[in-house]
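Colleague:
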Ligand SMILES: [Zn+2]
Ligand SMILES: [Zn+2]
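Numbering (full-length UniProt numbering), first residue to last: 1 to 311.
1. Mind listing, in chain order, the residues whose beta carbon lies closer than 6 angstroms to a non-hydrogen atom of ligand 1?
2. Could you spell out where the alpha helix (DSSP H) holding residue 166 opens and where it closes?
3. Between which two residues does the beta strand (DSSP E) carrying residue 129 extend?
4. Within the same chain, show all residues whose beta-carbon is closer than 6 angstroms to that of residue 162, passing over the 5 residues directly before and after it, in chain order.
5. Which of the three DSSP states is assigned to residue 116 in this structure?
6. What do you reckon, are the CB atoms on residue 198 and residue 167 nearer than 8 angstroms?
7. Roughly how many angstroms separate the alpha carbons of residue 214 and residue 263, rounded to a whole number?
8. Terminal residues of the continuous beta strand (DSSP E) containing residue 59?
9. Please determine whether the Cβ atom of residue 254 lies at a distance below 7 angstroms from any heavy atom of ligand 2.
10. So is residue 178 buried or exposed if we call it buried at 16+ other beta carbons inside 10 Å?
11. Are the CB atoms of residue 277 and residue 47 within a distance shorter than 8 angstroms?
12. So what does residue 228 bridge to, in DSSP terms?
13. Helix, strand or coil for residue 198 per DSSP?
14. Taking all protein chains shown into account, decide if residue 138 is buried (16 or more other Cβ within 10 angstroms of its Cβ) or exposed.
15. Report back the beta-carbon spacing between residue 188 and residue 211 to the nearest angstrom; my notes put them in contact at under 8 angstroms.
16. Does DSSP classify residue 311 as helix, strand or coil?
17. In the structure shown, what three-state DSSP assignment does residue 144 receive?
18. Can you tell me whether residue 22 is buried or exposed, with buried defined as 16 or more other CB within 10 angstroms of its CB?
19. How big is the Cα-Cα spacing for residue 194 and residue 165?
20. Pick helix, strand or coil for residue 50, following the three-state DSSP scheme.
21. Is it right to say residue 44 is buried, meaning 16 or more other beta carbons lie within 10 angstroms of its own, or is it exposed?
22. By the DSSP assignment, the beta strand (DSSP E) with residue 107 in it spans what residues?
23. Does residue 236 come out as helix, strand or coil in the three-state DSSP assignment?
24. Are the beta-carbon atoms of residue 80 and residue 96 separated by less than 8 angstroms?
25. Can you tell me whether residue 76 is buried or exposed? The criterion is at least 16 other CB atoms within 10 Å of its CB, across all chains shown.
26. Using only the heavy atoms of ligand 2, determine whether one of them is closer than 7 angstroms to the beta carbon of residue 137.
27. For residue 35, does the three-state DSSP call read helix, strand or coil?
28. Say yes only if the C-beta of residue 257 is nearer than 7 angstroms to one or more non-hydrogen atoms of ligand 2, and no if none qualify.
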């Protein structure tokens with residue numbers, strides 16, 4: 001990943017400008033902030049035994065064997081031994097399949113993301129059916145409902161299109177006998193209702209869980225896995241931390257959702273699977289257990305749910 005040099009962001013202001021005028025200083029601060037946003041967070045202290053339950057390798061730059069290996073070597077160096085890389089659309093699904101073939105530490109989940117639900121035509125269905133039968137594919141996802149983007153993005157599928165595609169993916173997961181990985185943005189009630197009426201597969205993963213305590217309880221009662229991303233470490237996430245506290249030991253997962261949702265205090269900087277220990281430690285603090293025990297629980301759950309071999 002190339003870094004922009006310290007100087008040259010504005011062309012007029014350089015670090016160490018002796019003038020010290022306020023305008024120059026403000027410019028310099030702005031440039032520094034901009035630079036920081038592009039800067040990857042430092043490596044966390046290693047925390048062995050972890051599995052990144054949901055990441056997007058292609059969006060992190062992993063689009064050839066060497067790039068995938070570099071991302072996974074980096075992750076492994078801090079204890080993240082395996083990852084599940086997730087597709088958004090059909091092009092991304094092919095990238096996820098490739099990554100899972102290229103590297104033994106990568107497994108794939110494929111589906112059309114709810115925002116792409118309108119692209120679920122017969123060809124896409126046939127290709128997804130074929131993909132999920134592959135042993136390197138460990139889940140159907142991410143699918144679900146996203147009520148944030150309709151109306152904001154013209155290309156986003158409507159709620160009705162999303163519900164229909166969600167139903168198709170639920171059925172696919174049941175037929176193939178693999179976990180259903182769910183994306184839910186601002187759609188708690190409809191999502192839980194559709195799952196109830198369609199009949200949930202045996203294994204359901206609520207990726208990047210974002211609900212409140214009541215939604216968490218309902219998911220726990222239904223036997224779903226709750227997967228927490230960097231959002232659980234954000235300063236204003238008290239409600240989410242309260243939810244993370246009540247999840248039983250055998251229903252909790254941790255994920256990066258990289259390149260998004262970089263954990264505190266690196267929010268806004270680029271995320272990758274090697275950042276997972278930050279979020280695992282945040283969960284350990286919330287649940288009052290030591291880091292190693294938390295990592296053991298999180299890793300074991302991911303391996304059980306996705307059926308991954310021990311590394
Ligand atoms: Zn998602
Ligand atoms: Zn995602």
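Using N, Cα and C, we set each Cβ at its ideal position, and we do this for glycine too.
Modeller: Let's see:
1. Listed by chain position, these are 142, 183, 207, 208.
2. Residues 159-176.
3. Premise fails: residue 129 lies in the alpha helix (DSSP H), 122-132, not in any beta strand (DSSP E).
4. Here the set comprises 114, 117, 145.
5. Residue 116 falls in the helix class under three-state DSSP.
6. Yes, the Cβ-Cβ distance between residue 198 and residue 167 is below 8 angstroms.
7. C-alpha of residue 214 to C-alpha of residue 263: approximately 24 angstroms in a straight line.
8. Counting along the chain, residue 59 sits inside no beta strand (DSSP E), nor does DSSP assign it H or E at all.
9. Answer for residue 254: no, Cβ out of range of ligand 2.
10. Buried: at least 16 other Cβ atoms inside 10 Å.
11. Note that the C-beta distance between residue 47 and residue 277 is below 8 angstroms.
12. Answer is 254, bridged to residue 228.
13. In the three-state scheme derived from DSSP, where H, G and I count as helix and E and B as strand, residue 198 is classed as helix.
14. Label assigned to residue 138: buried.
15. With a contact defined as Cβ atoms closer than 8 angstroms, residue 188 and residue 211 qualify at about 5 angstroms.
16. In the three-state scheme derived from DSSP, where H, G and I count as helix and E and B as strand, residue 311 is classed as coil.
17. Three-state DSSP puts residue 144 in a strand.
18. The predicted position of residue 22 is uncertain, since its pLDDT is 49 and thus under 50; a value taken from the coordinates is nonetheless stated next. Looking at its Cβ environment, which holds fewer than 16 other Cβ atoms inside 10 Å, residue 22 is exposed.
19. So the alpha carbons of these two residues sit roughly 11 angstroms apart.
20. Shown here, residue 50 sits in a strand according to DSSP, grouped into three states.
21. With at least 16 other beta carbons inside 10 angstroms of its own, residue 44 counts as buried.
22. Per DSSP, the continuous beta strand (DSSP E) segment holding residue 107 begins and ends at 106-110.
23. Looking at residue 236 - three-state DSSP - the assignment turns out to be coil, as it is neither helix nor strand.
24. No. Outside cutoff.
25. Buried.
26. False, no ligand heavy atom lies under 7 angstroms from that Cβ.
27. The answer is helix: DSSP assigns residue 35 an H, G or I state.
28. Yes, ligand 2 has a heavy atom inside 7 angstroms of this Cβ.
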